[in-house]
Structures are given as C-alpha cells and as structure tokens.
Amino acid sequence: MEGKDVDWFAAIKSPKGLDASEGKSFVYFDSSQTGFEWSPVLINSTDSAIGATINQLYGINKDITFSIAYNDDSPDGKVDGYRAHAKGVAVFDHEVGFWILHSVPNFPPSKKYDFHDGGSVFSQSFLCLSLSVNFLEDVGQYMRFAHVSTYLYNLPEFHKIVAPSLVDVVKKKSLPKSATVFTTIRELQTLNGTKAKGFSKHRKFEKDLWYSFIAPSLKTPMSVETWRSGSGTDVGSQCSKNKMRYNVYDVEVVKLLGKTFANGKDHSKWGVSMDKNVPAVCIGDVNRQESQFHRGGGAVCIQDIKLWQAFRGSVGKYAKCRTKPRTPRNFEEDATKRPEQSNNLN
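Sequential numbering from 1 applies to the sequence shown in the UniProt record's numbering.
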C-alpha cells in the first residue's frame, strides 16, 4: 500500500455511495498488516496497490514475460456465457510473478490501466499472490479447468515449457471430452512461504462451488458473499444434518471499517470460514446462483488468522437456513454446534 513489494494482498472495493470517492475507495490487507485499512490512494490510480500491480501488464518485455488477462465480460465488449465465470491477471518473468483474481467486469483495459465508472457502482473483491514461476503450471491448470476467457496474452517459449497447460489456456481450450474429473485443487506457496489452495471447477461439475467443493474440502462451515441480484435463481443458505456436509450461509450485510452496505450493492466473491480452527479466507470467481453450476470458475483460499479476523468482522449479517423466506441473522451467533476441528492448508 506504500509502494513496496508485498507477498500477497486482499482488497474489497466500496460500492458507489458509501463515501465521497464514488465507488473508487477500497480497504486493503497485506501480509504485513494486522487488519483492514483504507487505501490512501483510489483504485483508478496507478499509485494504488491494485493499479500499480496490474499496470505491470502493459509495456512488458515480450521475449521473457508471460502475461494474461481473462474476463468473461471483457473490456472489448464481448460477454462469454459459456466459459468460466472468472476474471484475473497474471504476469511472470523467468523467475517470479503475480496472479490477481478479481470480480470486476470489463477490467482491466487492454492497452492502458484505468478503472471505469461502471466498475465503481458495486463492491468488488481482489486477491493477489506473489509466486515463483515454479507454481505457474498450477495457476495454468486452475485456469484450464475453469476454462477462462482470455482477451490479452503473451506466451514465450520458456513459459510453454514451464507451464504447458497455458498453451490450452490462451487458446481458450479446456478439458478433453474424455475427461471424467471436473475439479482440481492446486497447492500454492507465495514467495515468503504463505500456503494457499486454488479450488477450480469445470462447468461439468454442475454443483455449487462453495457448498459442494470448497467447504467440504476445508471441512468448515462458511459465510459467503457473492452477487445474488439480477434474474438468476439464488442457491440460498444451505444446511445439512449430515456431519460430512458443512453449512454455507449467504452474507446479507457487509461491514467495512464501520461502514455497512447490503448484498444488493455487492458484486464481490469471497467466503470466510466459521470455524476459528480453520481460519480460511477464499476469494474468487463464482456466484451462488444455479446458473453458475454450469460455469467454470473457482477461488483461492489462504489461512491467515489476521486476514480471517478482518473478513469475519466484515460479515454484518448472514441468512439462516429455513423453509420460510430467509431473514438476516447476526454473524456473532453460533452457526453450528459441530465440534471444533482443524484442517490446515499446509
């Protein structure tokens, strides 16, 4: 946030109307912090953490740098409703690079960094990881399973060898018709050793990413914030008496350092565990709507107690499971009486 390199960061952009920034302010958390802080620079500036990072996409040395930008709602106006519901940017040289997952349609631009006014209306989420090039194949496999919509890329010969899956990714190819496995979990580690997991699903998985894949893999109930407006049919909070299943609750109200807004103003995609022994935060691609069962996408999860506290504290209310119409419930109430258990990412 101060112009220095960091190991990883997470951010939530405010919706328009929350403050005087007109939807361009954001809270920020990096590996050196103990809690969310408001960025002193707005997201439309290349001096912001998000702007400075993504700005590296432009003007690269094409001989030695792999770069990719993918978005199902790309800045050139093309909307891809068949491939992954996923948005991201990655840039790697021969040694290291970064990968950002985000939720902003039509972003970033193809030629020069900017943050358009349309992206300012709703809240959005971001996760950035600094990675060794040794993990680029894992990043590529995440993208390949999801079947991302690439709109900008540069793939040198070196990176084709290091991460052969990227050849399919940049050509917008995914799994072969003979495939029988439609999910993948990629083990990642940042440059400073923070462990993370990338959960990616192909559209043929045909289930909810959060309830049917991430929560049971982490073995924890979760509160999840995703886009639930528009014409799609919401999945809703899901609960089960089966001890092998873990409840997933829809977030109704978000709190950002004392400011609150309802889910209807939020286009972000993130989830936080409800078990303090599994302090996981996941940021990614896919909404909790039935139409998303048939779209690829995923999320990357980090276990960091301070980050977990920041995101857990950002859940103002969540919806209980019930047969009657859903009503908000205070997040501080216990969501489950299941015995505590540990499921570390390492």
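Note that CB positions come from ideal geometry on N, CA and C, so glycine has one too.
Host beta strand (DSSP E) of residue i (start-end)
i: M143; result: That residue, M143, is in no beta strand (DSSP E); its alpha helix (DSSP H) goes 136-146.
i: H102; result: 96-102
i: S223; result: 222-225
i: S133; result: It is Val, not Ser, that sits at residue 133 in the sequence shown. Element bounds for V133: n/a, residue is neither H nor E.
i: S200; result: 195-201
Through-space distance from residue j to residue i, alpha-carbon basis
i: S48; j: E157; result: 32 Å
i: A90; j: D80; result: 20 Å
i: V235; j: W270; result: 15 Å
i: Y160; j: I60; result: As written in the sequence, residue 160 is Lys, which differs from the Tyr given in the question. Going by the C-alpha atoms only, they are around 17 Å apart.
i: D76; j: L191; result: 33 Å
i: K171; j: L155; result: 11 Å
i: G97; j: K241; result: 43 Å
Start and end residues, alpha helix (DSSP H) containing residue i
i: Q309; result: 305-312
i: K160; result: 157-162
i: T254; result: As written in the sequence, residue 254 is Val, which differs from the Thr given in the question. Per DSSP, V254 belongs to no alpha helix (DSSP H); it is in the beta strand (DSSP E), 248-256.
i: T53; result: 49-54
i: A215; result: 215-218
i: V169; result: 165-170
Supposed contact pair residue j and residue i - C-beta distance, whole angstroms, cut 8 Å
i: G198; j: D138; result: 7 Å
i: K317; j: E252; result: 4 Å
Beta carbon of residue i nearer than 8 Å to that of residue j
i: P109; j: G119; result: no
i: K201; j: G88; result: no
i: R203; j: S149; result: no
i: L127; j: L101; result: yes
i: L131; j: L188; result: yes
i: F115; j: N55; result: no
i: I214; j: A146; result: no
i: V27; j: L257; result: yes
i: V272; j: V315; result: yes
i: I302; j: V281; result: yes
i: K255; j: S123; result: no
i: F29; j: L307; result: yes
i: S268; j: D250; result: no
Quick check for students: name the residue ranges of the beta strand (DSSP E) that lie wholly in the segment 11-78, counting only runs of 3 or more.
26-30, 66-71
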